[in-house]
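Quick mapping for you: the protein sequence lines, in order, are chains A and B.
With this note's numbering as the guide, the letters of the first sequence map in order to residues 177 to 523.
With this note's numbering as the guide, the letters of the second sequence map in order to residues 14 to 92.
The structure appears below as structure tokens.
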Amino acid sequence: MRLPSPRGPLTAGLFPALRGISPLPVDELVALVGNADCGTAELEDDDVHSALWVAYQLHYTGFDEVDHRWEWDPDLLRVRRALEDRFLAELRVRTADLVQDALQAEGSVADRLFAMTETFEAPALAAYLRRDATRDEMFELLVQRSIHNLQESDPQAFLLPRVGGAPKVALAELLFDEFGAGRPERLHSGLFARGLAECGLDDEPGAYASVVPGVTLAFMNGMNLFALHRGHTAAALGHFGAYEATSSVPSRLVVAAVERLQFPASVRAYFDEHVEADAVHEQLAFRDICGGFAEADPAAVHDLFFGAAVCLVTDADVSRHLLLSWGEGRSSLATSADALVPSDQVA
Amino acid sequence: MTVEVHGVDVQRTECPRGPLLLRGATEVVDDEGVAHEVTRPVVAVCACDRTQRAPWCDGTHKALERARRHREENAREDA
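As structure tokens, then:
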């Protein structure tokens with residue numbers, strides 16, 4: 177994977193350091209992130225979430241031009257902490273009502289998680305795709321989704337050593353299915369990669385990190401923030417459950433959209449798989465994993481709801497951005513559609 | 014939906030207002046006698062009879078649940 181292009185002052189300071197071109201201006205960057213919180217310097221979302229996304233990618237396969245030792249570099253972790261504190265504060269404010277409602281509701285933890293995902297008023301992206309989306313808009317959707325789908329379930333694999341007992345068994349069962357259930361050709365991220373490739377799009381993870389808007393990276397950053405910190409395990413499980421519980425029905429609508437727009441069968445196959453798979457996974461995630469985790473640790477209930485609410489709110493941000501952009505007749509991507517050409521083909 | 018389940022030591026879990034989960038099933042025969050191969054470790058069989066993917070659950074029960082909630086809310090408002 178190649179490092180994306182800088183998106184503002186933060187990433188302009190960070191990326192050259194990761195390439196080994198200049199020292200990391202750690203104090204300046206931490207101050208920049210901190211100041212922005214007080215409103216004295218406005219950092220763009222694109223810049224903030226590109227920086228955080230890159231910091232998290234170092235824990236996966238990293239970047240061709242970045243030394244692997246940056247993964248645990250204390251100075252970089254200081255910058256990452258500042259970014260996370262800023263992001264977490266924003267997420268707590270934005271989800272406070274959803275979490276309170278769930279805490280005050282009656283019923284089992286699983287039932288309350290289902291109720292939260294069911295009553296949340298998300299922008300009707302899937303319905304738009306089914307009826308109205310153009311071919312170009314569907315291409316953009318695939319590019320937007322590539323940030324997550326090419327690494328589907330990788331963040332949640334970090335959770336397995338952090339949960340025990342029955343929830344661990346259920347999580348392993350769910351992940352086994354996500355990772356192909358013993359058949360390499362059924363690996364979910366692989367199904368998506370095949371669809372991208374057949375559309376003439378780049379199927380390398382992170383290929384479009386320079387062109388997607390901050391909201392798309394923010395969704396992935398919320399997932400990674402929870403999955404990579406042991407202290408946020410409950411939030412990561414709630415987030416995972418909400419993701420699964422809001423996938424099956426929309427996937428069915430996207431299958432219809434893909435058929436209407438005559439996209440390759442491999443694109444259809446990816447969404448088709450998620451209709452049935454996620455109807456199972458949502459039950460496992462909310463009942464066996466989240467419900468079981470709350471039984472063993474009742475104090476975790478708040479964070480289970482918080483994680484689920486973050487998934488809903490940050491996913492809605494992406495849907496809203498797509499619908500707003502398309503409604504105004506412009507691209508949802510940060511740069512022009514020329515950027516859809518793989519970077520190694522650009523002179 | 015009445016289905017016939019094939020497999021060894023099959024575990025059944027009924028989800029409240031949701032599908033029937035099967036672990037260890039190898040084949041599910043739907044009420045028209047058509048056999049469906051099981052290709053994942055756990056499968057969700059439709060229990061609301063409204064799925065478009067019979068015999069599998071496709072989440073349609075949530076629409077029924079939503080309608081039930083609306084009816085309850087309306088009834089409360091009318092009261």
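Using N, Cα and C, we set each Cβ at its ideal position, and we do this for glycine too.
What distance in whole Å lies between the Cβ atoms of residue j and residue i, which are believed to be in contact at a cut-off of 8 Å?
i: Glu374 of chain A; j: Pro440 of chain A; result: 4 Å
i: Ala421 of chain A; j: Val486 of chain A; result: Contact doesn't hold; Cβ gap of about 14 Å is too wide.
i: Val434 of chain A; j: Val443 of chain A; result: 5 Å
i: Leu77 of chain B; j: Gln459 of chain A; result: Not quite, the Cβ-Cβ distance comes to about 16 Å (not below 8 Å), so this is no contact.
i: Leu289 of chain A; j: Ala484 of chain A; result: 6 Å
i: Val582 of chain A; j: Arg183 of chain A; result: Nothing can be reported for residue 582 of chain A, as the shown portion of chain A is limited to 177 through 523.
i: Ala67 of chain B; j: Cys59 of chain B; result: 6 Å
i: Arg338 of chain A; j: Thr409 of chain A; result: 5 Å
i: Ser423 of chain A; j: Leu301 of chain A; result: Not really, about 12 Å apart at Cβ, beyond 8 Å.
i: Ala342 of chain A; j: Asp464 of chain A; result: 7 Å
i: Val55 of chain B; j: Val41 of chain B; result: No, Val55 of chain B and Val41 of chain B are not in contact; Cβ-Cβ is about 12 Å, not under 8 Å.
i: Val224 of chain A; j: Leu179 of chain A; result: In fact, because the Cβ distance is near 16 Å, the residues do not count as touching under 8 Å.
i: Gly236 of chain A; j: Gln332 of chain A; result: Residue identity differs from the one stated: residue 236 of chain A is Tyr in this sequence, not Gly. Actually they are not in contact, since the Cβ atoms of Tyr236 of chain A and Gln332 of chain A sit about 13 Å apart, beyond 8 Å.
i: Ala80 of chain B; j: Cys70 of chain B; result: Not a contact, Cβ separation roughly 17 Å.
i: Val209 of chain A; j: Arg262 of chain A; result: 6 Å
i: Ala432 of chain A; j: Arg306 of chain A; result: 5 Å
i: Ser365 of chain A; j: Leu351 of chain A; result: Not a contact, Cβ separation roughly 12 Å.
i: Leu149 of chain A; j: Leu234 of chain A; result: Beyond the ends of chain A as shown, which are 177 and 523, falls residue 149 of chain A; an answer cannot be given.
i: Val425 of chain A; j: Phe447 of chain A; result: Actually they do not touch by this definition, with Cβ atoms about 12 Å apart.
i: Leu318 of chain A; j: Leu372 of chain A; result: 6 Å
i: Ala394 of chain A; j: Asp221 of chain A; result: 7 Å
i: Leu533 of chain A; j: Tyr304 of chain A; result: A question about residue 533 of chain A goes unanswered here, because the residues of chain A that appear run from 177 up to 523.
Taking buried to mean at least 16 other C-beta atoms within 10 Å of its own C-beta, is residue i buried or exposed?
i: Val522 of chain A; result: Residue confidence is low: Val522 of chain A scores 35 on pLDDT, short of 50, so the model does not pin down where it sits. No coordinate-derived value is stated.
i: Ala475 of chain A; result: exposed
i: His244 of chain A; result: exposed
i: Gly72 of chain B; result: buried
i: Gln320 of chain A; result: buried
i: Thr187 of chain A; result: buried
i: Thr310 of chain A; result: exposed
i: Asp520 of chain A; result: Its pLDDT being 42, under 50, Asp520 of chain A is placed unreliably by the model, and the measurement read from it follows with that caveat. Classification for Asp520 of chain A: exposed.
i: Asp340 of chain A; result: Checking the sequence shown, residue 340 of chain A turns out to be Gly, not Asp. It is exposed - the Cβ of Gly340 of chain A has fewer than 16 other Cβ atoms within 10 Å.
i: Gly189 of chain A; result: buried
i: Gln65 of chain B; result: exposed
i: Arg256 of chain A; result: buried
i: Ala461 of chain A; result: buried
i: Ala369 of chain A; result: buried
i: Asn87 of chain B; result: exposed
i: Ala252 of chain A; result: For the sequence presented, residue 252 of chain A should be read as Leu rather than Ala. When all chains shown are included, Leu252 of chain A counts as buried.
i: Arg25 of chain B; result: exposed
i: Arg84 of chain B; result: exposed
i: Thr52 of chain B; result: exposed
i: Ser427 of chain A; result: buried
i: Leu279 of chain A; result: exposed
i: Val47 of chain B; result: exposed
i: Asp44 of chain B; result: exposed
i: Ala286 of chain A; result: buried
i: Asn211 of chain A; result: exposed
i: Asp198 of chain A; result: Note that residue 198 of chain A is Ser in the sequence shown here, rather than Asp. Result: exposed.
i: Leu377 of chain A; result: buried
i: Arg82 of chain B; result: exposed
i: Glu27 of chain B; result: exposed
i: Gly503 of chain A; result: exposed
i: Arg89 of chain B; result: exposed
i: Trp248 of chain A; result: exposed
**Report entry** Where the region 23-55 of chain B meets chain A: residues whose CB sits under 9 Å from a CB there
**Finding:** Thr26, Cys28, Pro29, Arg30, Gly31, Pro32, Leu34, Arg36, Thr52, Arg53, Pro54 and Val55: these are the residues of the region 23-55 of chain B whose beta carbon lies less than 9 Å from some beta carbon of chain A, given in chain order.
Query raised in the report: Listed in chain order, which residues of the region 458-469 of chain A have Cβ atoms closer than 9 Å to some Cβ of chain B?
Result: Per Cβ criterion, the list reads Glu458, Gln459, Leu460, Arg463 and Asp464.
**Report entry** alpha helix (DSSP H) runs wholly inside the region 208-263 of chain A, at least 4 long, in chain order
**Finding:** Runs found: 221-233.
Requested in this report: Could you please tell me which residues of the region 337-355 of chain A, in chain order, have their CB closer than 7 Å to any CB of chain B?
Outcome: Residues are counted here when their Cβ sits less than 7 Å from a Cβ of chain B; for the region 337-355 of chain A these are Glu349, Phe352 and Asp353, given in chain order.
Query raised in the report: Just checking, does the region 351-359 of chain A make contact with the region 293-305 of chain A on the three C-beta pairs under 8 Å criterion?
Result: Counting Cβ pairs under 8 Å, fewer than three are found: no touch.
**Report entry** Touching by the beta-carbon criterion (3+ pairs, under 8 Å), the region 388-402 of chain A and the region 229-242 of chain A
**Finding:** Taking 8 Å as the limit for Cβ pairs, the verdict is that the region 229-242 of chain A does touch the region 388-402 of chain A.
Query raised in the report: Counting pairs of beta carbons, one from the region 268-275 of chain A and one from the region 479-499 of chain A, are three or more of them closer than 8 Å?
Result: Per the Cβ contact rule, the region 268-275 of chain A is in contact with the region 479-499 of chain A (3 or more Cβ pairs under 8 Å).
Report task. Count the C-beta pairs between the region 464-481 of chain A and the region 377-389 of chain A that are closer than 8 Å, then say yes if the count reaches three, no if not. Result -> Verdict: no, contact absent.
Requested in this report: Return the residues of the region 57-77 of chain B that lie within a Cβ-Cβ distance of less than 7 Å from chain A, sorted by chain order.
Outcome: When CB distances to chain A are screened at a threshold of 7 Å, the residues of the region 57-77 of chain B falling below it are Ala57, Arg66, Trp69, Cys70, Asp71, Gly72 and Lys75, in chain order.
Query raised in the report: Taking only runs of the alpha helix (DSSP H) that begin and end inside the region 327-364 of chain A, which ones reach a length of at least 4 residues, in chain order?
Result: Within the region 327-364 of chain A, the complete alpha helix (DSSP H) runs of at least 4 residues are 330-333 and 341-354.
Query raised in the report: In chain order, which alpha helix (DSSP H) runs of at least 4 residues are fully inside the region 390-444 of chain A?
Result: The qualifying runs are 390-404, 409-421 and 424-436.
Query raised in the report: Taking Cβ-Cβ distances below 9 Å as the criterion, which residues of the region 77-91 of chain B are in contact with chain A?
Result: So the close ones are Glu78, Arg79 and Arg82.
Query raised in the report: Given a limit of 7 Å on CB to CB distance, which residues of the region 256-284 of chain A reach chain B?
Result: Look at the region 256-284 of chain A: it has no residue with a C-beta under 7 Å from a C-beta of chain B.
Query - Contained alpha helix (DSSP H) runs [length at least 4] in the region 277-318 of chain A, N- to C-terminal order - result: You should have 285-295 and 301-307.
Requested in this report: Pick out the complete beta strand (DSSP E) segments inside the region 40-80 of chain B, 3 residues or longer, and give them in chain order.
Outcome: Here the runs fully enclosed are 48-50 and 55-58.
Requested in this report: Please list the residues of the region 431-462 of chain A that have a C-beta atom closer than 8 Å to any C-beta atom in chain B, keeping them in chain order.
Outcome: Listed by position, the residues of the region 431-462 of chain A near chain B (Cβ gap below 8 Å) are Val451, Glu452, Ala453, Asp454, Ala455, Val456, Glu458, Gln459 and Leu460.
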